[in-house]
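Here you go:
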């Protein structure tokens, strides 16, 4: 399943007025997007002695914490060979091959080239990367960690001789110079210094959250100039259909009621009974990245996140995971059977009963082992933003972490299990949030249709 | 309703069950144009689940599927059932039920996905009984695997539990975990008998597979898997449609048209529900309409050119009707509680009587320990014993946890006298006659059933059983086969080893109707494998043409 995390920047970049102001800016005469790759540089320096196992292991760990694989791997494709196609209103962004193949990947990159791409968004040929690549976040990485990652990509990753399709965006986003201008505005942060492995807990947590895991890329809302609003750090933002929730320390709008252990469990397994579970982009972040972090790092990351200043969300007045209770199951049986060709749209309670109750229970309590989570005391159902619930119904859950493959089928037009209409999904979601969550949020069929269009395309 | 000019394709398929839809999927993915004509309507899971929840008689697995008048199917297994009319000494043993709608009868089945044994294809050669198939196990092996991957079949590691059908690849998924009841049963068989209990290969997910979830053991595979963990033909319909195959629901095919030489089929004709007639042309035709309906259609298409029906120069269309007619008993174990009903319905089988030299005189059989919820039966039994109040509740609990249900699949044999004909009395809403079947259980199967009864009595004794309830007579298993039998000689068979009719070079049949012997396992996987082999043949002929 394609990772959609890196779509967000695009969703803001290619919509709204900000884009017009960007593209109106001058200095596009030297547009590097149209120029061929730079003439072959001097061949990379003769291979030095094989790198130490420690350095390779560190590089792999840093690359995992930075979650490179999620974006640079196509569905069913070879790791890091790129080719993931991200549909935006302006065209498709396709991730690149970052295996060490010299012709198709980054095999000719020197350490310096690599550093420029990772921390500054500049390709080896001098052109600008699209900021789907979170280099603004990565600019906080230490020199040593960039070096370790470089060594691992060159020696620990298998070269793949495949060139993914070229990204072709519509005007003006097709002008990579636009990105140079954007960079002037977005800027970058100074790299951390010293040995990141020796930081104290809170500094290590901040480093993990910002320079590596780039949490803010999704969870921090953006300003008119598309930069993260630092005074709303991690306060929640829409994410191409999904909603990356407020994870500040607010007790009502954020995750201020969570313990450090709760958050560690969430990041390790994607699921905390009675609180929440990860699906969509966060499910993938857990699967590919956070579930592979050491316990010490998870605790550092959790401790740092839990002290982020509270930011309130006007729509959320009560902790998302504290709504609802088991339903005293009403008898909705009519005793009447319908003929097999009568496929009339059903009402919320019947849609729930026929499609959800088998796993989540007629009372909504889920299974006793929590494989199918309870729908009450559940952040996704209790949220004032029903986006993630709608997207979960459409898209399902497919997350492997902590030794468990959590799976729920989607109910969109491509489902083999059951295809629900926009009207049915709206009725279902309104029934579920009013029965087990924070109330009926008035989801409409049109809203569901818009979100359906955001689903990843099946290859 | 599609416009008439749309009604032409390279391959026209009649029937959208596992056979028809999987052929459509394979062909469409190879770029071949396909039209599938389905007599019944489009359907979906949520309405069946809703019907199941509304259904009073939960074990009635035809119950949640009230049919449409233009494509009737049997309402249940009783006699008379107002659709499939059976006659003869063992009429009640041939009350086969099936479904006519998009996706076919695998909407309700138990997911049992056996490969046949090599000996099943050579019954005559090895044991002097019945008939040989016009193909061997090895011819079908690659297609068995293809079918297992398509359906998502879980099964045991052959190195640990060899089921007797050689495999080149492991099962696509690991075998099901053993339920508590099955574990008790396994222990008993291991400790007190010379027999063994094996994992039944099952077309259900033991891990997320093909965008469907893992089986959670809801225990109502029949009549409807509520979560889509078990395979049914609707997935192949969806996959074929995504690949470009066109499905026409509510299209009741009633006539098969041939050229003047009567060598090639040129078109099929169907009625819509208002009896408007439509003609569909193609280069190749596949009838994949279930054993009963396939033979019915071929007989009903009789005309001046073929007064006995299509592809029927042998006179064998509609003959050789077989099943795994079996024996069933429930009883109350006097040993520890088993608590059946937690997990899929059918997962554990005694396979010691599946093959042996005795097959020269009596049929093979499988014994299923059926792991279904027994509260219905326990309640009826407790009430009949006169319990009331608190004691009634205790008795229901005790009986439901101690009930054992066993049934067998016994091997039928091709007998031309067991015959499907068109009813002279009963017609459906479109004026098409109902099917009628004469059935007399072959002596070979009777002997097999006697042997099974003996085994069941021994097992009841070993479990200190009481309150035996034997299903009277014989138990139909809904595995009809043989009505367009396969063979090498066009004089006594309808199709060849590739399921092509001897009489019409561009007409294929994909159904259990081609089985030459009914085999020693549930029929569906073999139906799917034969269908995929038909698709392979068609792909070769159409792409090389």
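Protein chains in written order, with our numbering: chain G, 11 to 469; chain Y, 13 to 557. From the three backbone atoms N, C-alpha and C, an ideal C-beta is built for every residue, glycine too. Keep in mind that this is a model prediction, so the values were computed, not measured.
Would you say residue 359 of chain Y and residue 159 of chain Y are within 8 Å of each other, going by their C-beta atoms?
no
Going straight from the alpha carbon of residue 207 of chain G to that of residue 274 of chain G, what length do you get?
19 Å
Residue 261 of chain G to residue 320 of chain G, Cα distance in whole Å?
8 Å
Should the region 338-354 of chain Y be called in touch with the region 178-197 of chain Y, which here means at least 3 C-beta pairs below 8 Å?
yes
Name, going along the chain, the residues of the region 341-363 of chain G whose beta-carbon falls closer than 9 Å to a beta-carbon of chain Y.
Cβ contacts with chain Y come from 342, 343, 344, 345, 346, 347, 348, 349, 350, 351, 352, 353, 354, 356, 360, 361, 363.
Got a sec, what are the start and stop residues for the alpha helix (DSSP H) residue 391 of chain G sits in?
389-392
At the 8 Å Cβ level, is residue 419 of chain G part of the contact set with chain Y, yes or no?
yes
Measure the C-alpha to C-alpha separation of residue 229 of chain G and residue 166 of chain Y and round it to an integer number of angstroms.
41 Å
Here's the rule: buried if 16 or more other CB atoms are within 10 angstroms of the residue's CB, otherwise exposed. What is residue 209 of chain Y?
Buried is the call here.
Smallest Cα separation from residue 369 of chain G: which of G:337, G:353, G:327, G:418?
G:418
Any idea if residue 101 of chain Y is buried or exposed, counting beta-carbon neighbours within 10 angstroms, 16 or more meaning buried?
exposed
Do we get a CB-CB distance below 8 Å when we pair residue 259 of chain Y with the residues of chain G?
no
Leaving out five residues on either side along the sequence, give the residues of the same chain with a beta carbon under 8 Å from the beta carbon of residue 343 of chain Y.
415, 416, 472, 475, 477, 478, 479, 480, 481
Closer than 6 Å by C-beta to residue 40 of chain G: which residues in its own chain qualify, once you throw out the five before and the five after it? Chain order, please.
Residue confidence for residue 40 of chain G is low, a pLDDT of 36 falling below 50, so the modelled location carries little weight; the figure read from the coordinates is stated next. There are no such residues.
Given a threshold of 16 other Cβ atoms within 10 Å of its Cβ, counted over all protein chains shown, does residue 393 of chain Y qualify as buried or as exposed?
By the neighbour-count rule (16 or more Cβ atoms within 10 Å), residue 393 of chain Y is buried.
Mind checking if residue 12 of chain G is an interface residue toward chain Y, Cβ cutoff 8 Å exclusive?
For residue 12 of chain G, the predicted model reports a pLDDT of 40, less than 50, meaning its position is unreliable; a value from the coordinates is still stated below. With 8 Å as the cut-off, residue 12 of chain G does not count as an interface residue toward chain Y.
Does the beta carbon of residue 56 of chain Y sit closer than 8 Å to a beta carbon anywhere in chain G?
yes
How about residue 96 of chain Y and residue 447 of chain Y: do their beta carbons lie closer than 8 Å?
yes
Using the beta-carbon of each residue, which ones in chain Y are nearer than 8 Å to residue 271 of chain G?
Result: empty, since nearest Cβ-Cβ is about 28 Å, beyond 8 Å.
Just how far apart, CA to CA, sit residue 227 of chain Y and residue 216 of chain Y?
7 Å
Taking only the alpha-carbon atoms, compute the straight-line gap between residue 26 of chain Y and residue 304 of chain Y and give it to the nearest angstrom.
13 Å
Just checking, does the region 304-319 of chain G make contact with the region 43-63 of chain Y on the three C-beta pairs under 8 Å criterion?
no
Taking Cβ positions only, does residue 456 of chain G come closer than 8 Å to chain Y?
no
What does residue 80 of chain Y touch in chain G if you count any residue whose Cβ is under 8 Å from its own?
349, 350, 351
Locate the alpha helix (DSSP H) running through residue 423 of chain G, then write down its first and last residues.
Counted as a single uninterrupted DSSP element, the stretch harbouring residue 423 of chain G is not any alpha helix (DSSP H), since DSSP gives it neither H nor E.
If I measure Cβ to Cβ from residue 162 of chain G and keep anything under 7 Å in the same chain, skipping five residues before and after, which residues do I get?
66, 69, 70, 73
Can you find a C-beta in chain G that's less than 8 Å from the C-beta of residue 68 of chain Y?
yes
Residue 225 of chain G touches chain Y at which residues, Cβ-Cβ below 9 Å?
Going along chain Y, no residue has its Cβ under 9 Å from residue 225 of chain G, so there is no contact; the nearest lies around 28 Å.
If you drop the 5 nearest sequence neighbours on each side, which residues of the same chain put their C-beta closer than 8 Å to that of residue 452 of chain G?
So the list reads 440, once near-sequence residues are dropped.
Chain G partners of residue 62 of chain Y, CB-CB under 8 Å?
348, 356, 360, 363, 364
Check whether chain Y comes within 8 Å of residue 427 of chain G, counting only Cβ atoms and requiring the distance to be less than that.
yes
Any beta-carbon of chain Y closer than 8 Å to the one on residue 327 of chain G?
no
I'd like to know if residue 229 of chain G contacts chain Y, where contact means its C-beta is closer than 8 Å to some C-beta of that chain.
Answer no: the Cβ-Cβ gap between residue 229 of chain G and chain Y never drops below 8 Å.
Could you tell me if residue 398 of chain G is buried or exposed, where buried requires 16 or more neighbouring beta carbons within 10 angstroms of its beta carbon?
buried
Quick one: is residue 148 of chain Y buried, meaning 16 or more other Cβ sit within 10 Å of its Cβ, or exposed?
exposed
Suppose you measure from the CA of residue 164 of chain Y to the CA of residue 184 of chain Y; what does that come to, to the nearest Å?
6 Å
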